[in-house]
Ligand code: B12
Ligand code: SF4
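In the working numbering, the protein residues as written are 158 to 628.
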C-alpha cells in the first residue's frame, strides 16, 4: 500500500489546551518531503468515538501518527489507535512514551510501529520503507511477521536552527491556546533534550539519550520568528513566550548570546524560561531581567544533602539562596521545584526540604510526589527493592504520574508522605496564588487575574485525579 497521506493526532487529555510541539515539527518536515499532512489536536477537548471516527474518515489518511506521553493521555491514545486500525489505517506512535517503552507499546495489536526519540528522520525513513525502499529505517520499532524489531538509533539528528517552521497553520482551532482577551502566552519549541541525567528524570533513560540525540538550543532570533509566525495566524493578542523544553539557560555564554539577540531585536516580548541552580549565576539573573525575562523555573528537588548526591544534581544549597534572591530582586517570578518520596527518604529529610523551602526566597515552591519512569536510576532502585511493580500492559501506565497512584519508595508510610505533601502544598500553593495575582496586577493582566480564581493548580489536579480514577 502506498503511504502518501499522513494524519498526525495529539490525543492529549481534556485538561488544558497545549500545542503539540513535537507533532508540529515532524509534520512540517514530512510535508516538505512531499507527503500530504493533516494535524488534529484533541488537547483541552472532550472527544467521543464517533468524532474520532469522523475526523479520521474526513481526512482519509494512509497512516495515522500519534504523539504520546506516559500517563493519563494513554487512554485516548489507545482509543484513537483502535479506531484508526478498525478503519484499516497504519498506526504509528511517537513521543516520550513509545521511546521509553517501545516493546510494551508494540505489544498492543492496533499499533504497527513506534518512532523512538527524534521523529523527523525516523518517520521519513519509515514512510520510505512502507513505500518500498529497501533501506531499513533507523530509530524505530516495528513488527515483522508478528515479531518486534527495534532498530538502532539514527546517526544524524536535526539541526533545529535550519529546520522548517513548525506547522502551526495546520491547527484549525488555534485560538484555543490563547484563552485571554489580552496578553496570552505562546508555548514555543526552543530546544531538544537535556545534557543532564538527574536520577528520577525521563532524560536519564538510555533510549531517550540515544534516540533523542544530544542537547540543542535554539537562538533567540529563530524563537522570535516562531513567535511572529504564530501571531500572524490569529487575531488573539499574544505578548509573551513560554520557552518550552526542560532545560534552556545552560551557562553564562549561551545566556549572554541569547539576551543580546533579544535586545538587538528591539522587541518588547515577555518570556518565561528554565535553568538549573548549578548553571544559574547572579550575573545571569541580571542579564535576563534586562532582556524581558519575567519568570524562571529551577529544580531543587530536596533540602537533604544525601538526596542531592543521590539524584546527581548536587546543588550548593547556600549558593542557591543567593541566586534565588538575585532573581527576585530583579523582579523575575521564581518557581523552584521539589519532590517528596525520593528512594529511602526519611521523615527527617522531608523536614529538611520543608525547612529549606522556608529559607529560600521564591514565588512558588512547586512540590510533586515522586513517580517512577522506567529506565531511570531511581526506577531501577525501586524495582531492586521490590517497591515498584512493573505495569504489564499499556493501559496500566494510564495512572502513572497521577496523584493517588504513586509508588511509595521512601522510608515513610504513604499516609505520612501524603499528609506532608498536602500540608506543605496547601501552604505553598496559597502563597503562590497570592504572588501570581500580584504579578498579574503589576503586568495589567486582568483576565488572567480573574481566571485564576477558577483555574488554579489545585482545582486542575483534583479534576484530573477524579477523572482518571473513575476510568
Ligand atoms: C511542554 C511540555 C508539556 C506540556 C505540553 C505537552 C505536549 N503537548 O507535548 C504539558 C503541560 C501539557 C505537559 C504535561 C505533562 N508532561 Co510534559 N513536557 C513538556 C516539555 C517541557 C516540552 C515538550 C515539547 O514540546 N518539546 C518539544 C518537542 C519538539 O519535542 P517532543 O515533544 O519530544 O517531540 C519530539 C519527539 O518526541 C518526537 N515526537 C513527538 N511526538 C511525536 C509524534 C509522532 C507521530 C512522531 C513520529 C514523533 C513524535 O519527535 C519530536 C521532534 O523530534 C517536555 C520536556 C521535553 N524536553 O521534551 C515535558 C515532558 C514531555 N513532560 C513530561 C511529563 C512527565 C508530563 C506530565 C505527566 C506531568 C504531570 N505530572 O502532570 C504531564 C502529562 C500530561 C498528559 N497530557 O499526558 C515528561 C514525559 C515523560 C514521559 N515518559 O511521558 C517530559 C519529557 C518531562 C520530563 N523530563 O520528565 N508537558
Ligand atoms: S536537568 Fe531537569 S530535565 Fe535535565 S535531567 Fe535533570 S531534571 Fe531532567
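Virtual Cβ for every residue (Gly too), placed ideally from N, Cα, C.
Would you decide whether residue 631 is buried or exposed? Buried here means 16 or more other CB atoms lie within 10 Å of its CB.
Past the edges of the chain, shown from 158 to 628, lies residue 631, and the structure says nothing about it.
Take every Cβ of the stretch 351-363, pair it with every Cβ of the stretch 327-340, and state whether three or more of those distances are shorter than 8 angstroms.
Three or more Cβ pairs closer than 8 angstroms define a contact, and the stretch 351-363 falls short of that threshold against the stretch 327-340.
Got a sec: does ligand 2 put a non-hydrogen atom nearer than 7 angstroms to the Cβ of residue 449?
no
According to DSSP, simplified to helix, strand and coil, what is residue 513?
helix
If we call anything under 8 angstroms between Cβ atoms a contact, is residue 120 one with residue 186?
Residue 120 falls outside the range modelled here, since the chain spans only 158 to 628, and no answer is possible.
Would you check whether ligand 1 has a heavy atom nearer than 7 angstroms to the C-beta of residue 342?
no
Measuring only from the beta carbon, is residue 249 closer than 7 angstroms to any heavy atom that is part of ligand 1?
yes
Output the boundary residues of the beta strand (DSSP E) element that contains residue 167.
162-167
Which stretch, first to last residue, makes up the alpha helix (DSSP H) that contains residue 441?
Run containing residue 441: 439-447, per the alpha helix (DSSP H) assignment.
Are there three or more Cβ pairs, one per stretch, closer than 8 angstroms when the stretch 262-277 is compared with the stretch 291-306?
yes
Taking the straight line between their C-alpha atoms, what separation do you get for residue 371 and residue 511?
Those two C-alpha atoms are separated by around 35 angstroms.
In angstroms with no decimal places, state the Cα-to-Cα distance between residue 203 and residue 461.
Rounded to the nearest angstrom, the two C-alpha atoms are 42 angstroms apart.
How would you label residue 626, buried or exposed, when you count the other beta carbons within 10 angstroms and need 16 or more for buried?
Its pLDDT being 49, under 50, residue 626 is placed unreliably by the model, and the measurement read from it follows with that caveat. With a threshold of 16 other beta carbon atoms within 10 Å, residue 626 falls short and is exposed.
Going by beta carbon distance, what residues of the same chain come within less than 7 angstroms of residue 390, once the five residues before and after it are set aside?
Within the same chain, Cβ atoms closer than 7 angstroms to the Cβ of residue 390 are found at 325, 326 and 331, the five residues on either side in sequence being excluded.
Does the pairing of the stretch 493-508 with the stretch 518-531 give three or more beta-carbon distances under 8 angstroms?
Contact holds: three or more Cβ-Cβ distances are below 8 angstroms.
With a threshold of 16 other CB atoms inside 10 Å of the CB of residue 583, please say whether the residue is buried or exposed.
exposed
Using alpha carbons as the reference points, say which of 408, 355 and 164 lies closest to residue 532.
355
In terms of residue numbering, what span does the beta strand (DSSP E) encompassing residue 396 cover?
395-400
Here's the rule: buried if 16 or more other CB atoms are within 10 angstroms of the residue's CB, otherwise exposed. What is residue 378?
exposed
What would DSSP say about residue 521, mapped onto helix, strand or coil?
strand
Verify whether the separation of the beta carbon atoms of residue 502 and residue 568 is less than 8 angstroms.
The answer is yes: Cβ separation under 8 angstroms.
Can you look up residue 588 in the DSSP assignment and give me helix, strand or coil?
helix
Can we say the stretch 215-224 touches the stretch 248-255, given the rule of at least three CB pairs closer than 8 angstroms?
yes
Need the endpoints of the alpha helix (DSSP H) that residue 378 sits in, please.
Segment 377-389, the alpha helix (DSSP H) holding residue 378.
For the beta strand (DSSP E) that residue 197 lies in, which residues bound it at each end?
Following the DSSP letters along the chain, one finds residue 197 inside the beta strand (DSSP E) bounded by residues 193-198.
Decide if residue 384 is buried, meaning its Cβ has at least 16 other Cβ atoms within 10 Å, or exposed.
buried
How do the stretch 409-422 and the stretch 438-447 stand: do at least 3 beta-carbon pairs fall below 8 angstroms, yes or no?
yes
Suppose the cutoff is 7 angstroms on Cβ atoms and the five residues either side in sequence are ignored; what does the same chain contact list for residue 184 look like?
165, 194, 196, 324 and 327
Here's the rule: buried if 16 or more other CB atoms are within 10 angstroms of the residue's CB, otherwise exposed. What is residue 309?
The residue in question, residue 309, is exposed, as its Cβ has fewer than 16 Cβ neighbours within 10 Å.
May I ask whether a heavy atom of ligand 1 can be found less than 7 angstroms away from the beta carbon of residue 538?
Result no, Cβ not under 7 angstroms from ligand 1.
Where does residue 626 fall in DSSP's three states?
Any answer about residue 626 is weak, because its pLDDT of 49 lies below 50 and its placement is not dependable; what the coordinates show is given next. Looking at residue 626 - three-state DSSP - the assignment turns out to be helix.
Out of curiosity, what's the CA-to-CA distance linking residue 455 and residue 405?
11 angstroms
Skipping 5 residues on each side, what residues in its chain have a beta carbon closer than 8 angstroms to that of residue 167?
177, 180, 196, 197, 198, 199, 200, 223 and 224
How is the beta strand (DSSP E) around residue 301 delimited, first residue to last?
297-301
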